[in-house]
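Engineer: To start, I am sharing the structure in question, which I have written as structure tokens.
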Ligand SMILES: C[S@@+](CC[C@H](N)C(=O)[O-])C[C@H]1O[C@@H](n2cnc3c(N)ncnc32)[C@H](O)[C@@H]1O
């Protein structure tokens, strides 16, 4: 069966907006923490953009896994020194525990609370005791967008999101594309994290890099009012 991202792999991989460079990258590096000399699994790595960002932080080893064969083919093409696997996270069984597991926009592909719980448990099972699950997901405080901002519109046709809502994500650019993911509240995320064995859960507001801040406060006003990404750190 084709994965959703098999259809949009090239367009997603070519997307290089300011939110990706100036917000998601510094936020992910912050939540992941010091990974020098550590073993890291990037679950839902897509075409490996953030796997490569993290590889620059000198981990002992970093590997990526994603359900989309096309995304993994692009990841392998663009990062010859990193190991990538095609695997649905629900089937992931690497027979190994890592110091850090990262997931950037993966948890919000869980279609039910049960699936979110299963994803968290599988990621937890790949972590050593004391290890960290860290990443970025769709912000539980996010409100549906009425119009495009920053070349993107995330909406559900209503004024607010509720648990389990399907979110239509539309991206403009040279190669416009759409995809759908799912909204979950902090209560649902935190309950799933705790049931998966995480004792400490922390939400981290997006961090804007100095290059991003140089664009001026007006550029970021709408983003800071209603931002789609949020960082999280869970300690096992
Ligand atoms: C928004 S993309 C993010 C890719 C990458 N982490 C990034 O931030 O550039 C979401 C990725 O999650 C993957 N994904 C969704 N559901 C998955 C699942 N059940 N198992 C593994 N990967 C999954 C998709 O194939 C896609 O590559």
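In the numbering used here, the protein residues as written are 202 to 437.
The beta carbon of each residue, even a glycine, is placed where N, CA and C say it ideally should be.
Below 7 angstroms between beta carbons: does that hold for residue 302 and residue 242?
Structural biologist: yes
Engineer: Run through the DSSP bridge pairs and tell me what residue 242 is partnered with.
Structural biologist: 264 and 302
Engineer: Helix, strand or coil: which one does DSSP assign to residue 331?
Structural biologist: Here residue 331 sits in strand by DSSP.
Engineer: Ignore the nearest five residues each way along the sequence and tell me which others in residue 360's own chain have a CB closer than 7 angstroms to its CB.
Structural biologist: 345
Engineer: Measuring only between beta-carbons, confirm whether residue 250 sits less than 7 angstroms from chain D.
Structural biologist: Among the chains of the structure shown, chain D does not appear; only one protein chain is present.
Engineer: Work out the CA separation of residue 432 and residue 203 for me, nearest whole Å.
Structural biologist: Our two residues, residue 203 and residue 432, have alpha carbons roughly 29 angstroms apart in a direct line.
Engineer: At which residues does the alpha helix (DSSP H) containing residue 253 begin and terminate?
Structural biologist: 250 to 256
Engineer: Report the three-state DSSP secondary structure of residue 432 (helix, strand or coil).
Structural biologist: strand
Engineer: Tell me the DSSP secondary structure of residue 421 in three-state form.
Structural biologist: Residue 421 falls in the helix class under three-state DSSP.
Engineer: Can you tell me where the alpha helix (DSSP H) with residue 315 in it begins and where it stops?
Structural biologist: 314 to 326
Engineer: Closer than 6 angstroms to a non-hydrogen atom of ligand 1 - does that hold for the CB of residue 233?
Structural biologist: no
Engineer: Do residue 289 and ligand 1 come close, with the Cβ less than 6 angstroms from some heavy atom?
Structural biologist: yes
Engineer: Quick one, which of 257, 252 and 407 has its alpha-carbon nearest residue 264's?
Structural biologist: It is 252 whose Cα lies nearest to the Cα of residue 264.
Engineer: Taking the CB atoms as reference points, tell me whether residue 368 and residue 349 lie closer together than 7 angstroms.
Structural biologist: no
Engineer: Which parts of the segment 340 to 389 are runs of the beta strand (DSSP E), unbroken and 3 residues or longer, counting only runs that do not cross its ends?
Structural biologist: 353 to 356, 367 to 372 and 378 to 383
Engineer: Let me check understanding here. Comparing Cα to Cα, which of 257, 260, 258 and 276 lies closest to residue 266?
Structural biologist: 276
Engineer: Just to check, is the beta-carbon of residue 419 closer than 6 angstroms to a non-hydrogen atom of ligand 1?
Structural biologist: no
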